[in-house]
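**Student:** If you read the sequence shown in UniProt numbering, its first letter stands for residue 1, the second for the next number, and so on.
Below is the structure I would like to discuss, written out as structure tokens.
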Amino acid sequence: MAMVALAIGADTISSKPRREAIIESLLHLPSKVKEVLKLDEEMKDLAKSLISEQSLLMFGRGYNYATALEGALKVKEVALMHSEGILAGEMKHGPLALVDENLPIVVIATRDQCFSKQQSVIQQLKARKGRLIVMCTEGDAAALLAYHLTVLRGYNVDQPRNLAKSVTTE
């Protein structure tokens with residue numbers, strides 16, 4: 001899909017460096033997947049510790065905001081656990097009120113341009129006795145977490161309850 005989009009936009013000279021960077025990143029995708037899969041046992045252990053929880057928050061910033069949204073959506077869809085993906089910069093506008101030692105909070109903090117700001121979020125959550133789970137790995141370990149939560153909670157990963165195969169808009 002990404003390659004098709006890149007081909008469609010190939011006539012734009014100004015985007016050539018960005019296009020080349022994306023293609024270069026795609027070439028590294030198989031090794032990134034292997035890196036994330038090395039975390040399988042760790043994510044399974046984490047899922048075991050969360051199996052009886054009712055809710056989960058996932059904070060992300062920058063491109064990891066999309067990772068937090070997708071991770072929370074997967075937990076909600078397949079593990080049938082309430083979860084929310086939250087833009088870390090919006091933490092003080094509501095989500096901070098929920099923080100205590102009982103609510104599991106995943107913070108996605110990869111070493112990118114947003115890392116120092118994510119460290120600040122982590123400090124604020126720790127100051128409020130938040131039950132923190134920090135994911136610092138490049139890639140989407142949240143998908144592995146959702147998978148293991150689903151299996152451990154006894155649900156079928158391949159057949160999420162009430163999930164439509166398409167989105168209907170009116």
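Just so you know, even glycine gets a beta-carbon here, dropped at the ideal spot from N, CA and C.
Beta strand (DSSP E) containing methionine 43: first to last residue?
**Tutor:** Not the beta strand (DSSP E): methionine 43 falls in the alpha helix (DSSP H), residues 40-50.
**Student:** So for glutamate 53, helix, strand or coil by DSSP?
**Tutor:** Looking at glutamate 53 - three-state DSSP - the assignment turns out to be coil, as it is neither helix nor strand.
**Student:** Using the Cα positions of arginine 61 and lysine 117, report the straight-line distance between them to the nearest angstrom.
**Tutor:** In a straight line, the C-alpha of arginine 61 is about 8 Å away from that of lysine 117.
**Student:** On the three-state DSSP scale, how would you describe valine 151?
**Tutor:** Note: valine 151 maps to helix in three-state DSSP.
**Student:** According to DSSP, is valine 99 helix, strand or coil?
**Tutor:** Coil at valine 99, not helix or strand.
**Student:** Pull up the distance between the alpha-carbon of valine 134 and that of asparagine 156, whole angstroms please.
**Tutor:** Roughly 27 Å between the two C-alpha positions.
**Student:** Measuring only the C-alpha atoms, how far is leucine 125 from lysine 76?
**Tutor:** So the two alpha carbons sit approximately 23 Å from each other.
**Student:** Would you check if the distance between the CB atom of asparagine 64 and the CB atom of isoleucine 22 is smaller than 8 Å?
**Tutor:** Going by C-beta atoms, asparagine 64 is not nearer than 8 Å to isoleucine 22.
**Student:** Can you confirm whether the region 78-88 touches the region 25-43 when touching is taken to mean that 3 or more C-beta pairs between the two stretches lie within less than 8 Å?
**Tutor:** Not touching, per the Cβ criterion.
**Student:** Confirm, please, whether the CB-CB distance from leucine 39 to leucine 132 is below 8 Å.
**Tutor:** No.
**Student:** Put leucine 132 into one of helix, strand or coil per three-state DSSP.
**Tutor:** In the structure shown, leucine 132 sits in a strand (DSSP, three-state: E or B).
**Student:** Thinking C-alpha only, which one of Asp100, Glu101, Leu149 and Lys92 is nearest valine 121?
**Tutor:** Measuring from the Cα of valine 121, the nearest candidate turns out to be Lys92.
**Student:** Rounded to the nearest angstrom, how far is the Cβ of leucine 152 from that of isoleucine 51, given a contact under 8 Å?
**Tutor:** The pair is a contact, with the Cβ atoms about 5 Å apart (cut-off 8 Å).
**Student:** By Cβ distance, which residues of its chain are closer than 7 Å to tyrosine 147, with the 5 residues on each side in sequence left out?
**Tutor:** Here the set comprises Val157.
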